[in-house]
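Down below is the structure, laid out as structure tokens.
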Amino acid sequence: MTLKPFEDIVAEHGPTVLRVCRAVVGPVDAEDAWSETFIAAMRAYPELRPGSNVEAWLVTIAHRKALDHIRARDRRPVPTDELPEQTTDRGLPGGHDPELWNAVGALPMKQRAAVAYHYLAGLPYAEIAVILGNSPDASRRAAADGIAALRKTLSISVSGDIT
Numbered sequence: 485m486t487l488k489p490f491e492d493i494v495a496e497h498g499p500t501v502l503r504v505c506r507a508v509v510g511p512v513d514a515e516d517a518w519s520e521t522f523i524a525a526m527r528a529y530p531e532l533r534p535g536s537n538v539e540a541w542l543v544t545i546a547h548r549k550a551l552d553h554i555r556a557r558d559r560r561p562v563p564t565d566e567l568p569e570q571t572t573d574r575g576l577p578g579g580h581d582p583e584l585w586n587a588v589g590a591l592p593m594k595q596r597a598a599v600a601y602h603y604l605a606g607l608p609y610a611e612i613a614v615i616l617g618n619s620p621d622a623s624r625r626a627a628a629d630g631i632a633a634l635r636k637t638l639s640i641s642v643s644g645d646i647t
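Here this note's numbering runs 484 ahead of the position in the sequence shown, where the first position is 1.
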């Protein structure tokens, strides 16, 4: 069994990976994390076992790259003499509701990741547990707590699709 061409993988899973990156690192660093995810994936792709869950594999890589971006962002100096640049969400998946994305960004890391991986990437809790290094029950709890926090913050009914 041969692997699909990598370009097909990018086309098929690119939007999901971008939504996950955007939810975890925010709109400013999302495209960088997305690019780094696919560069790393391209290098490792020839060694991927046929029959692997490519989407879960890419979300795992995106998770690690997103954590790298968060750590790097925390180490960067913050300019104080200038106003921060305004970001645009034009052309970004799920970019139509900045209030929702700000609320997602305010969640604790485990909740934000569990919500992103389950509701944006559609991964089952068992695969999320592997990515986050916890149990499926802990992943389910983190996602449920995240959705509850979003409902409370936004005073809306979140149905299972945040996009």
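All C-beta atoms in this analysis are idealised placements derived from N, C-alpha and C, irrespective of residue type, glycine included.
Residue i, DSSP secondary structure in three states
i	result
lysine 488	coil
threonine 564	coil
valine 494	helix
serine 536	coil
serine 519	helix
glutamate 569	coil
aspartate 581	coil
glycine 644	Residue placement at glycine 644 is poorly supported in this model, since its pLDDT is 48, which falls under 50; the coordinates are not used for a value here.
valine 543	helix
valine 509	helix
Member of the options whose CA lies at the smallest distance from the CA of residue i
i	options	result
histidine 553	Thr637, Thr521, Thr564	Thr521
glycine 630	Ser619, Arg596, Glu566	Arg596
tyrosine 609	Val543, Glu566, Pro534, Gly535	Val543
glutamine 570	Ile612, Pro582, Arg527, Arg559	Pro582
aspartate 558	Leu607, Ala598, His547, Asp513	Asp513
asparagine 537	Glu496, Gly589, Lys636	Glu496
phenylalanine 490	Pro499, Ile523, Trp518, Arg506	Ile523
tryptophan 541	Gly606, Arg555, Thr564, Gly589	Gly606
glycine 535	Lys549, Leu487, Ser639, Ala528	Leu487
methionine 526	Arg560, Leu638, Ile493	Ile493
Residue i: first and last residue of the uninterrupted alpha helix (DSSP H) it sits in
i	result
aspartate 617	The displayed chain sequence assigns glycine, not aspartate, to residue 617. Counting along the chain, glycine 617 falls outside any alpha helix (DSSP H), and DSSP gives it neither H nor E.
proline 608	No alpha helix (DSSP H) contains proline 608, which DSSP labels as neither H nor E.
proline 592	Careful: proline 592 lies outside any alpha helix (DSSP H) and carries neither H nor E.
Counted within 10 angstroms of its Cβ, other Cβ atoms place residue i as buried (16 or more) or exposed
i	result
valine 504	buried
leucine 532	exposed
valine 509	buried
alanine 598	buried
alanine 590	exposed
lysine 500	Per the sequence shown, residue 500 should be read as threonine rather than lysine. Counting Cβ neighbours within 10 Å, threonine 500 comes out buried, since at least 16 surround it.
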